[in-house]
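Numbering (our numbering), first residue to last: 5 to 253.
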């Protein structure tokens, strides 16, 4: 009787463990409001990078939800909360071991923007050493400049920085722009503001908490590779080619 009872208990425990593995917690995916890559639509979060993420999840049959949050909160959730990922995240040496990476899903340039009528020279990064630089809370770009000893003035809403430039409250705005996109085509300040210097190029990813299984990360990367091969990636890119210009802050 004891043997039978013990076998039953062990069988129950193993079955429960198997059920738990089969019903793994869904992913929480966080992002920021950054049109046209990620933004709130009528039926939830949408956008160019969002569509890529959704396609990867569909192909791997991964349960998930997407939350649109301020960037620093979105990033910190993925860093600290199990089963959580964040996009679009710059993959830098400082972040390499913090996350598991799916991508790249896009590329970006780190640019200095300024007033068209600026009077200071800006041919190299060293020329920006003594200038006031507007940055974005939690952004890798801002962390990089701060670590290098530049004077940075972070804000919680990146779209406040163009206004601060126009008011001469900062000298430069450090911002990540999609590689190959002319800044004046994406913003409506072309008559007063302009990109002055590209000082770095990075690739951006879906960055996942270390708790996300390696097997899932591998399947998501494989799905992304398939999307590139079968033309889906290019189709999603083209879908937002003529997205309307965003308005002034």
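Every residue, glycine too, gets a C-beta built ideally from N, C-alpha and C.
- Message: Quick check on this structure: which residue in 53, 113 and 228 has the alpha carbon closest to the alpha carbon of residue 245?
- Response: Here residue 245 refers to the residue found at position 241 when the chain shown is read from its first residue. Residue 53 is the option with its Cα nearest to residue 245.
- Among 63, 36, 43 and 100, the one whose alpha carbon lies nearest that of residue 213: Sequence index remark: in the chain shown, residue 213 carries index 209 (1-based). Answer by Cα proximity: 100.
- Task: Check whether the Cβ atoms of residue 155 and residue 136 lie closer than 7 angstroms to each other.
- Result: In the chain shown, residue 155 corresponds to position 151, counting from 1. In the chain shown, residue 136 corresponds to position 132, counting from 1. Yes. Within cutoff.
- Message: Rounded to whole angstroms, what is the Cα-Cα separation between residue 157 and residue 95?
- Response: The residue you call residue 157 lines up with position 153 of the chain shown. The residue you call residue 95 lines up with position 91 of the chain shown. Taking the straight line from one Cα to the other gives about 23 angstroms.
- Message: Within a Cβ cutoff of 8 angstroms, which residues of the same chain sit near residue 159, ignoring the five residues on either side of it in sequence?
- Response: Numbered from its first residue, the chain shown carries residue 159 at position 155. Same-chain partners within the cutoff: 138, 139, 140, 141, 165 and 168.
- If you count every other CB in all the chains shown that lies within 10 Å of the CB of residue 3, and 16 or more means buried, which is it? Because residue 3 is not part of the residues shown, which for the chain are 5 to 253, the question remains open.
- Query: What is the C-beta distance between residue 183 and residue 113, in whole angstroms, given that I count them as a contact (C-beta under 8 angstroms)?
  - Reply: Counting from one through the chain shown, the residue named residue 183 turns up at place 179. Counting from one through the chain shown, the residue named residue 113 turns up at place 109. About 5 angstroms separates the two Cβ atoms, so the contact holds.
- Query: In chain order, what residues of the same chain have a beta carbon less than 6 angstroms from the beta carbon of residue 237, not counting five sequence neighbours either side?
  - Reply: Numbered from 1 along the chain shown, position 233 holds the residue referred to as residue 237. Excluding residues up to 5 positions away in sequence, 231 lie with their Cβ nearer than 6 angstroms to the Cβ of residue 237 in the same chain.
- Anyone know if the C-beta pair for residue 87 and residue 29 falls short of 7 angstroms? Against the chain shown, residue 87 aligns to sequence position 83. Against the chain shown, residue 29 aligns to sequence position 25. Yes, Cβ-Cβ distance for residue 87 and residue 29 is below 7 angstroms.
- Item | Proximity below 7 angstroms, CB of residue 117 to CB of residue 199 | Here residue 117 corresponds to residue number 113 of the chain shown, with the count starting at 1. Here residue 199 corresponds to residue number 195 of the chain shown, with the count starting at 1. Yes, the pair counts as a contact, with Cβ atoms nearer than the cut-off.
- Query: So which of 143, 225 and 195 has the shortest CA-CA distance to residue 77?
  - Reply: Counting from one through the chain shown, the residue named residue 77 turns up at place 73. The option with the nearest alpha carbon to residue 77 is 143.
- Task: May I have the straight-line CA-CA distance separating residue 71 from residue 123, to the nearest angstrom?
- Result: Counting from one through the chain shown, the residue named residue 71 turns up at place 67. Counting from one through the chain shown, the residue named residue 123 turns up at place 119. Between residue 71 and residue 123, the C-alpha separation is close to 42 angstroms.
- Let me know the secondary structure DSSP gives residue 211 once reduced to three states. For the purposes of this step, residue 211 is identified with residue 207 of the chain shown, where counting begins at 1. Here residue 211 sits in strand by DSSP.
- Could you tell me the distance, in whole angstroms, from the CA atom of residue 83 to the CA atom of residue 91? Taking the chain shown and counting its residues from 1, one reaches residue 83 at position 79. Taking the chain shown and counting its residues from 1, one reaches residue 91 at position 87. When rounded, the distance between both Cα atoms is 12 angstroms.
- Figure out for me which residue from 193, 64, 93 and 171 has the closest Cα to the Cα of residue 75. The residue you call residue 75 lines up with position 71 of the chain shown. In terms of Cα proximity to residue 75, the closest of 193, 64, 93 and 171 is 93.
- Item | Alpha-carbon to alpha-carbon, residue 42 and residue 34 | The count along the chain shown starts at 1 and reaches residue 34 at position 30. The count along the chain shown starts at 1 and reaches residue 42 at position 38. For residue 34 and residue 42, the gap between their C-alpha atoms comes out near 10 angstroms.
- Grouping DSSP H, G and I as helix and E and B as strand, with all else coil, what is residue 168? Looking up residue 168 in the chain shown gives position 164. Here residue 168 sits in helix by DSSP.
- Item | Neighbourhood of residue 44 by C-beta, 6 angstroms cutoff - its chain only, sequence neighbours within 5 removed | The residue labelled residue 44 in the question sits at position 40 within the chain shown. Cβ neighbours of residue 44 beyond the five flanking positions: 72.
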